[in-house]
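Chains as they are written, first to last, in the numbering used here: chain A, 1 to 376; chain B, 377 to 726.
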């Protein structure tokens with residue numbers, strides 16, 4: 001009995017150690033993302049990128065930003081809980097959610113609560129649709145699909161293309177549909193069109209064989225890197241070596257544990273961020289990121305970084321002060337984001353339309369010697 | 377004249393009703409005076425939905441004695457059909473409360489029909505077959521909803537499978553969009569609606585359990601051969617319990633879905649089924665009050681553990697183990713038993 005009581009008391013004590021006191025003179029910036037679970041690479045990358053930006057801005061001594069990320073495990077229900085936790089903490093401006101479906105759920109809340117949100121990477125259209133205070137730092141899914149088809153045709157990468165996509169995933173399906181539409185428009189021949197879903201995402205032999213037997217020169221993989229890594233591994237086993245083309249979900253494949261990065265050699269992906277860029281800003285960011293987290297930042301990290309800097313620019317331009325409430329900041333931010341031009345890691349002359357969608361140009365990247373290299 | 381002293385079961389049932397009402401009143405007072413945090417406020421409806429799920433699964437596992445591993449499948453059926461009905465009725469019924477009721481009733485009906493159909497072949501089997509078939513059922517339902525497209529326009533509802541072939545007329549709206557699930561759901565679920573659903577669930581389950589049918593169901597659970605030998609129609613009573621359980625899960629799913637603006641079929645996967653089974657096992661098989669407390673506590677717990685950040689789910693698991701050990705500890709049980717009024721010494725807590 002005593003032992004049990006002691007255990008309960010110990011637990012209560014641990015629970016009682018809450019978050020440390022925070023300064024009142026900083027803007028409270030909060031975001032949710034998958035920090036644990038299957039999509040954790042995205043959430044952690046966005047969080048780490050945002051952290052670096054916040055540290056840099058705070059070191060300048062002007063506007064102070066207090067950043068807090070909560071885990072949503074890539075689930076809409078948990079995302080709402082995480083969002084409410086942030087609201088209790090006193091969040092004034094939001095980074096939305098990192099992944100699409102959770103962000104659809106939280107964006108409805110930020111819209112209702114009049115908290116301005118800028119998501120680093122939630123790319124579905126429904127995230128910003130009908131919400132005047134919800135903005136995106138990344139392309140929308142449909143945009144990625146048509147840009148990919150355009151890129152393949154423009155660069156003459158292949159004439160016969162296979163597509164493997166995940167038919168129970170919003171992200172994959174969104175890109176697939178616009179890719180097919182654009183491919184038909186541009187006369188790009190899709191010789192193999194196969195699917196998989198959540199329950200059977202381990203064996204791709206049928207899909208790969210179909211692409212191979214139809215002699216596809218390029219396989220388009222609109223999916224996240226975990227499934228893509230299996231496709232690359234299994235295709236290599238049967239000696240099929242087409243060109244691979246991925247979208248931003250492919251980003252992260254090089255940091256996947258247990259994956260032989262040699263297999264990803266030559267994979268092309270369309271992403272707005274290039275860690276190898278000679279650009280001074282990018283180089284400094286990559287160096288800092290590597291020093292702090294021990295890996296090369298991917299696009300999500302850059303998006304997170306850009307979001308915080310975009311806020312910095314907007315807050316500075318609007319002469320906002322941390323004692324303003326969320327609703328007042330929301331109005332100021334809407335005004336700023338629809339009118340300002342932002343230069344960041346993921347693009348120059350980035351602008352937003354009133355719907356909240358971003359306008360910037362993508363960069364083609366190819367994986368060489370285990371690193372992303374710009375294709376242009 | 378009958379004794380006015382209520383028997384043990386009735387007393388416990390009234391205690392359960394009472395606690396639910398008290399909890400509702402306290403939370404409602406707290407939230408109207410602004411004493412609840414946003415986190416708790418946001419979790420009230422999902423807690424109600426999980427409580428109803430736990431009670432309904434307890435009917436299958438605890439009372440009927442069959443292991444079901446696909447309860448989230450019924451929740452899914454209820455969620456998708458209920459939301460579709462609520463959206464389709466959007467123009468005809470202006471009142472949100474009535475639309476919520478329509479959604480829950482439709483969800484319950486569809487889940488009941490599916491439960492009945494699944495039950496006919498499966499409940500005739502003996503052994504662990506139900507567990508395996510329900511497991512498969514949950515996955516099949518997930519697969520179906522991931523490939524189902526339902527749209528509404530001036531000509532009515534359009535349904536297609538695999539790809540969007542609904543060809544909606546102008547002004548039409550795609551309700552279920554395959555893997556995208558349902559987007560822009562009207563958020564009409566309320567805590568009051570959830571609390572009422574819990575009460576209705578309790579009334580249905582307690583009345584079923586204490587009826588002639590309920591005794592027959594428990595007889596089947598305790599000794600199938602003995603029950604059969606005295607002329608109890610085993611399949612009939614099993615189906616009855618299973619269908620009621622499915623219907624309640626459907627209503628809970630509908631309530632749950634209408635608390636979020638978006639819902640996807642993958643939410644109702646095997647993990648969710650197991651989560652609900654954990655509520656039931658932790659609360660005690662056949663113990664409805666236990667299910668309610670376990671469901672509420674285990675829904676709040678992961679949120680209360682947020683300061684552990686990455687180690688949150690690890691701590692959650694440790695807490696689960698500690699709770700299991702504690703509730704099976706004789707000293708602890710004896711300690712709890714002191715608070716139970718009118719407890720006879722001879723009785724053993726099982």
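All C-beta atoms, glycine included, are put in the ideal place defined by N, C-alpha and C.
As the structure is a computational prediction, the values presented were derived from the model and not from experiment.
For the pair residue 304/A and residue 49/A, the CB atoms are nearer than the 8 Å cut-off. Listed in chain order, the non-local C-beta contacts of residue 276/A below 7 Å within the same chain comprise 371, 372, 373, 374, local neighbours out to five positions each way being set aside. Under the three-state reduction of DSSP, residue 155/A is assigned to coil, being neither helix nor strand.
Beta-bridge analysis with DSSP links residue 268/A to 245/A, 366/A. Close to chain B, meaning a Cβ-Cβ distance shorter than 8 Å, are the following residues of the region 27-43 of chain A: 35, 36. Contact between the region 218-231 of chain A and the region 140-159 of chain A is present: 3 or more CB-CB pairs across the two stretches fall below 8 Å. Three or more beta-carbon pairs separated by less than 8 Å link the region 446-458 of chain B to the region 628-639 of chain B, which places the two stretches in contact. Unbroken beta strand (DSSP E) runs of no fewer than 3 residues, entirely contained in the region 123-201 of chain A, are found at 134-136, 160-166, 189-196, following chain order. Take the alpha-carbon of residue 336/A and the one of residue 315/A: they are about 8 Å apart. In the DSSP secondary-structure assignment, residue 352/A is bridged to 358/A. Under DSSP, residue 526/B shares a beta bridge with 535/B, 552/B.
A distance below 8 Å separates the beta carbons of residue 80/A and residue 636/B. Residue 429/B has a beta carbon lying at 8 Å or more from every beta carbon in chain A. Here the region 638-648 of chain B makes no contact with the region 472-487 of chain B; the two share fewer than three CB pairs at distances below 8 Å. With contacts defined by Cβ atoms closer than 8 Å, residue 525/B and residue 554/B form a contacting pair. Contacts between residue 643/B and chain A, judged by CB atoms closer than 8 Å, involve 75, 76, 77 in chain order. In the DSSP assignment, residue 372/A falls within the beta strand (DSSP E) that extends over 371-374. The beta-carbon distance between residue 426/B and residue 675/B, rounded to whole angstroms, is 5 Å. This is short enough to meet the 8 Å contact definition. By the CB criterion at 8 Å, residue 119/A and residue 137/A fall inside the cutoff. Scanning its chain for C-beta atoms nearer than 8 Å, with the 5 sequence neighbours on each side dropped, one finds around residue 678/B the residues 688, 689, 692, in chain order. In this structure the region 401-419 of chain B does not lie against the region 589-609 of chain B, because fewer than three pairs of beta carbons, one per stretch, are closer than 8 Å.
Taking CB atoms only, residue 304/A has no neighbour in chain B less than 8 Å away.
Residue 665/B sits away from residue 384/B, with the two beta carbons spaced by 8 Å or more. Along the region 302-327 of chain A, the alpha helix (DSSP H) does not occur as any fully enclosed run of 4 or more residues.
Between the alpha carbons of residue 204/A and residue 649/B lies a distance of about 27 Å. Boundaries around residue 577/B are those of the alpha helix (DSSP H), 567-585, since no beta strand (DSSP E) includes it.
With 16 or more other CB atoms across the displayed protein chains lying within 10 angstroms of its CB, residue 596/B is buried. Apart from sequence neighbours up to five positions away, the residues of its chain that approach residue 560/B with a beta-carbon distance below 7 Å are 637, ordered along the chain.
Residues of chain A with a Cβ closer than 7 Å to the Cβ of residue 686/B are, in chain order, 35, 36.
For residue 69/A, the enclosing beta strand (DSSP E) begins and ends at 65-71.
Where residue 697/B is concerned, there is no enclosing beta strand (DSSP E), although the alpha helix (DSSP H) around it starts and stops at 688-703.
Of the residues assessed, residue 173/A falls on the buried side of the cut-off, its CB having 16 or more other CB atoms within 10 angstroms. For residue 48/A, no CB of chain B lies under 8 Å from its own CB, so it is not counted at the interface with that chain.
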